[in-house]
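Visitor: For reference, the structure I am asking about is given below.
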């Protein structure tokens with residue numbers, strides 16, 4: 225029962241962080257001339273439009289109950305990068321829209337946390353404030369994780385947009401096995417480290433240090 229109560233303060237932050245991240249990609253693509261997401265009905269802040277049964281519900285639940293890295297994803301918003309105006313700049317902006325939205329959500333959560341504390345009734349205060357705390361953590365981790373320069377993550381798309389065309393074409397080829405690389409870094413290599421009684425959590429420091437720095441900066445600005 226205690227574990228289920230703990231899970232309730234993660235559900236809303238996870239849903240909003242993941243689904244608004246994807247919706248932001250669609251809105252950015254539309255701003256640059258691609259209406260693929262609009263035609264697919266994905267220009268919506270309704271989480272049900274973006275929920276992936278495995279990535280949005282089952283995978284975060286497994287990570288939560290297993291005590292591991294809280295990770296999840298929504299159904300990717302379809303984007304036709306060839307239809308974007310100013311294709312390279314458009315690709316960068318569409319890719320960055322997701323992490324930028326998560327950073328804005330983290331900033332909003334910090335702002336509300338500092339302002340809502342005296343206004344929330346005592347019986348609801350713990351639930352509301354824990355949701356806001358978790359929203360900050362989830363959104364910052366999701367933003368930094370997605371900015372890793374590994375296709376198909378947003379950071380990989382940004383790199384493709386920044387690199388000279390010959391290098392960009394070669395770098396984009398990583399996307400074919402990018403998800404396997406991510407699964408190895410997130411799951412298989414740390415599991416191997418546990419068996420060898422060694423710390424092989426390579427992504428921990430790579431994500432943790434920027435999250436800590438960015439979180440402190442946002443608290444100073446909005447807290």
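Numbering (this note's numbering), first residue to last: 225 to 447.
Beta carbons: idealized from backbone N, C-alpha and C, even for Gly.
Everything numeric in this text was worked out from a predicted model, so none of it was measured.
Taking residue 317 as the reference, give the member of 387, 396, 251 with the closest Cα.
Guide: Residue 317 has its Cα closest to that of 251, out of 387, 396, 251.
Visitor: For the stretch 360-380 and the stretch 232-252, state whether three or more C-beta atom pairs, one from each stretch, are separated by less than 8 Å.
Guide: Taking 8 Å as the limit for Cβ pairs, the verdict is that the stretch 232-252 does touch the stretch 360-380.
Visitor: Alpha carbon to alpha carbon, how far is residue 225 from residue 254?
Guide: Bear in mind that a pLDDT of 42 at residue 225, under 50, signals an unreliable position, so the model cannot answer this.
Visitor: If you count every other CB in all the chains shown that lies within 10 Å of the CB of residue 337, and 16 or more means buried, which is it?
Guide: With 16 or more Cβ atoms within 10 Å of its Cβ, residue 337 is classed as buried.
Visitor: How close, in whole Å, do the beta carbons of residue 327 and residue 443 come, if the pair is a contact with beta carbons under 8 Å?
Guide: In fact, because the Cβ distance is near 13 Å, the residues do not count as touching under 8 Å.
Visitor: If you pair each beta-carbon of the stretch 417-430 with each one of the stretch 339-346, do three or more pairs fall below 8 Å?
Guide: At 8 Å Cβ cutoff, the stretches do not touch.
Visitor: Please report how far the alpha carbon of residue 378 lies from the alpha carbon of residue 407, in whole angstroms.
Guide: Whole-angstrom Cα-Cα distance: 16 Å.
Visitor: Round the Cβ separation of residue 374 and residue 402 to the nearest angstrom and send it over; I've been treating them as touching at under 8 Å.
Guide: Their Cβ separation, rounded to whole angstroms, is 5 Å, which keeps residue 374 and residue 402 in contact under 8 Å.
Visitor: Using the three-state DSSP reduction, which class does residue 446 fall into: helix, strand or coil?
Guide: Residue 446 falls in the helix class under three-state DSSP.
Visitor: Taking Cβ to Cβ, would you say residue 301 is nearer than 9 Å to residue 339?
Guide: Against a cut-off of 9 Å, the Cβ pair of residue 339 and residue 301 comes out as no contact.
Visitor: Have a look at 436, 239, 353 and flag the residue whose alpha-carbon is nearest the alpha-carbon of residue 279.
Guide: Checking every option, the nearest Cα to that of residue 279 belongs to 239.
Visitor: Considering Cα atoms alone, identify which of 398, 396, 350, 331 is closest to residue 435.
Guide: The option with the nearest alpha carbon to residue 435 is 331.
Visitor: In chain order, what residues of the same chain lie with their CB nearer than 6 Å to the CB of residue 299, ignoring the 5 residues before and after it?
Guide: So the list reads 274, 276, once near-sequence residues are dropped.
Visitor: What are the start and end residues of the alpha helix (DSSP H) that includes residue 304?
Guide: Run containing residue 304: none; DSSP gives neither H nor E here.
Visitor: Would residue 438 and residue 427 qualify as a contact pair, given that the criterion is a beta-carbon distance under 9 Å?
Guide: Not in contact: residue 438 and residue 427 (Cβ atoms no closer than 9 Å).
Visitor: If we ignore side chains and look at the alpha-carbon of each, how far apart do residue 237 and residue 270 end up?
Guide: If I take the Cα positions, the gap works out to 14 Å.
Visitor: Alpha carbon to alpha carbon, how far is residue 412 from residue 258?
Guide: Approximately 37 Å between the Cα atoms of the pair.
Visitor: Tell me where the alpha helix (DSSP H) around residue 424 begins and ends.
Guide: From DSSP, residue 424 is part of no alpha helix (DSSP H); its letter is neither H nor E.
Visitor: Restricting to Cα atoms, I'd like to know which of 264, 447, 261, 308 is closest to residue 357.
Guide: If we check each option's Cα against that of residue 357, 447 comes out closest.
Visitor: Residue 329 and residue 359 - do their beta-carbons sit closer together than 9 Å?
Guide: Yes.
Visitor: Measure the C-alpha to C-alpha separation of residue 320 and residue 385 and round it to an integer number of angstroms.
Guide: Each residue's Cα considered, the two are about 11 Å apart.
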